[in-house]
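Let me begin by presenting the structure, written as structure tokens, before commenting on it.
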Amino acid sequence: MVLPCVAVLIFSATIGADDAIPQLRMLPRVLLFALFDGLAAREFLRMRHPQLQSATTLYWIFALFCVFELLRAPFSLSLPAPFGPEETQVWSIALFNFLIVLQGLLLGVFLTALGREQLAAQHYRLALIDPLTGIGNRRALDERMEALALTSRKEGCTAVAVLDIDHFKAINDELGHAFGDIVIAGAAMVAREALTGEDVFRVGGEEFAAIIHAHTPEAIMTRANAIRIAFEARSHVHGGLSRRSTISIGVAMLHLGDEAACFAAADEALYAAKRQGRNRVVMAKPVSVAPAKAIDFAAAAAAAAAAGRRASA
Numbered sequence: 001m002v003l004p005c006v007a008v009l010i011f012s013a014t015i016g017a018d019d020a021i022p023q024l025r026m027l028p029r030v031l032l033f034a035l036f037d038g039l040a041a042r043e044f045l046r047m048r049h050p051q052l053q054s055a056t057t058l059y060w061i062f063a064l065f066c067v068f069e070l071l072r073a074p075f076s077l078s079l080p081a082p083f084g085p086e087e088t089q090v091w092s093i094a095l096f097n098f099l100i101v102l103q104g105l106l107l108g109v110f111l112t113a114l115g116r117e118q119l120a121a122q123h124y125r126l127a128l129i130d131p132l133t134g135i136g137n138r139r140a141l142d143e144r145m146e147a148l149a150l151t152s153r154k155e156g157c158t159a160v161a162v163l164d165i166d167h168f169k170a171i172n173d174e175l176g177h178a179f180g181d182i183v184i185a186g187a188a189m190v191a192r193e194a195l196t197g198e199d200v201f202r203v204g205g206e207e208f209a210a211i212i213h214a215h216t217p218e219a220i221m222t223r224a225n226a227i228r229i230a231f232e233a234r235s236h237v238h239g240g241l242s243r244r245s246t247i248s249i250g251v252a253m254l255h256l257g258d259e260a261a262c263f264a265a266a267d268e269a270l271y272a273a274k275r276q277g278r279n280r281v282v283m284a285k286p287v288s289v290a291p292a293k294a295i296d297f298a299a300a301a302a303a304a305a306a307a308g309r310r311a312s313a
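Here is the structure:
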């Protein structure tokens, strides 16, 4: 958008400033204005987002002015000033001033609104992020599950996993809460590297939930086990202290329509992993699908997290 502005200024200061050749200056000027409006419309088109309604409005404003400039381009040599080189008419002055004021008012209003919407969207994104780990929190898990409920995966399968750091209370008691935070952040990093960032969530102190996609249940178990192995191999260092830890994971195949039961099944699988000695991945038995109903996904994950705390105690 900078280049069209510079081009208009250069043109206006050179050829466009010569009153002896008004026909030469009008058409290029109209086309340059159309180019500017078109590029501005494209930028706001790229910004369009459900949380940025003003970006859509600004796109249409610039798009309409671009169309107006293009429509008057073929007649630019025969229109009265300031639209063309012919003698000024009252209506042309009135229309020109009206369009200038209208565009200025619209841009002022909606650019101000866009700034506020961007700030609100930033605050909303921050409200979905756990500050310690940088991954999604319980609210983000709710939104992710709702998005999954609205989409249908034609290939592969999806599972929910509940992850709990083993003996975390002992780590906190022995090495301090600052070291415990390092361990939590390390678990989040390992899970985020193994999965996509949007599919890992912190739902409690040392508890996490994850959405795992793969072609087969066996592949899902392989991905979950990769998280366990990577976390076990990771050294956590803080204040001259170094410690390794392990993680237990319960996995349940996700059936859209009864997500709460799937989280409960993953919770039971986590219990089993703890009972079997920790540092392992356990797949839950298949879940019977119940009729669809409103689900608080974060509450389900939180219940699983609480179970993990009881099991790790």
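Each residue of the sequence shown is one higher than the last, beginning at 1 in UniProt numbering. Beta carbons: idealized from backbone N, C-alpha and C, even for Gly.
Apart from sequence neighbours up to five positions away, the residues of its chain that approach C66 with a beta-carbon distance below 7 angstroms are A34, D37, G38 and A41, ordered along the chain. A direct Cα-to-Cα measurement between P80 and E69 gives close to 15 angstroms. DSSP places I129 in no beta strand (DSSP E); its state is neither H nor E. DSSP, reduced to helix, strand and coil, places F83 outside both helices and strands of the structure shown, so it counts as coil. In this structure, G239 sits away from L270, with a CB-CB distance that is not shorter than 8 angstroms.
Annotation for L114: L52, S54, A55 and L58 place their beta carbon closer than 7 angstroms to its own, counting only its chain and skipping 5 residues before and after.
Between C262 and T216, the gap from beta carbon to beta carbon reaches 8 angstroms or more. Boundaries of the beta strand (DSSP E) around T158: C157 to I165. In the three-state DSSP reduction, I220 falls in the helix class (H, G or I).
Counting of Cβ neighbours within 10 angstroms places I135 among the buried residues, the total reaching 16 or more. As for any beta strand (DSSP E) of minimum length 3 sitting wholly inside the UniProt domain "GGDEF" (156-286), the runs are 157-165, 200-202, 207-214, 235-238, 241-244, 247-253 and 281-283, ordered along the chain. In this structure, S78 sits near E86, with a CB-CB distance shorter than 8 angstroms. With fewer than 16 neighbouring CB atoms inside 10 Å of its own CB, E193 falls in the exposed class.
Between the C-alpha atoms of D142 and L27 there is a straight-line separation of about 55 angstroms. In the three-state DSSP reduction, L32 falls in the helix class (H, G or I).
Assignment of G134 by DSSP, reduced to helix, strand and coil, places it in the coil class. CA-CA distance, I100 to A187, rounds to 57 angstroms. The DSSP-derived three-state label of L150 is coil. A distance below 6 angstroms between beta-carbons, with the five flanking residues on each side excluded, links S76 to the following residues of its chain, in chain order: M26, L27, V30 and G84. Put simply, the backbone Cα of A73 is about 39 angstroms away from that of A121. Scanning E218, A170, I227 and G176 for the CA closest to the CA of L195 turns up I227.
Per DSSP, reduced to three states, the secondary structure at L95 is helical. Residue state for L52 is assigned as strand, using DSSP reduced to three classes. For the pair F168 and G176, the CB atoms are not nearer than the 8 angstroms cut-off. By the 16-neighbour rule on beta-carbons within 10 angstroms, F44 is buried. A273 has its alpha-carbon roughly 19 angstroms from the corresponding atom of A233.
In the three-state reduction of the DSSP assignment, L77 falls in the coil class, being assigned neither a helical nor a strand state. The DSSP-derived three-state label of Q118 is helix. Excluding residues up to 5 positions away in sequence, F179, I182, V183, G186, S242, R243, R244 and S245 lie with their Cβ nearer than 8 angstroms to the Cβ of H236 in the same chain.
Under the three-state reduction of DSSP, T88 is assigned to coil, being neither helix nor strand.
Residue burial annotation: D130 is buried, with at least 16 other C-beta atoms found within 10 angstroms of its C-beta.
With respect to the 8 angstroms criterion, I165 and L107 are not classified as neighbours on the basis of their beta carbons.
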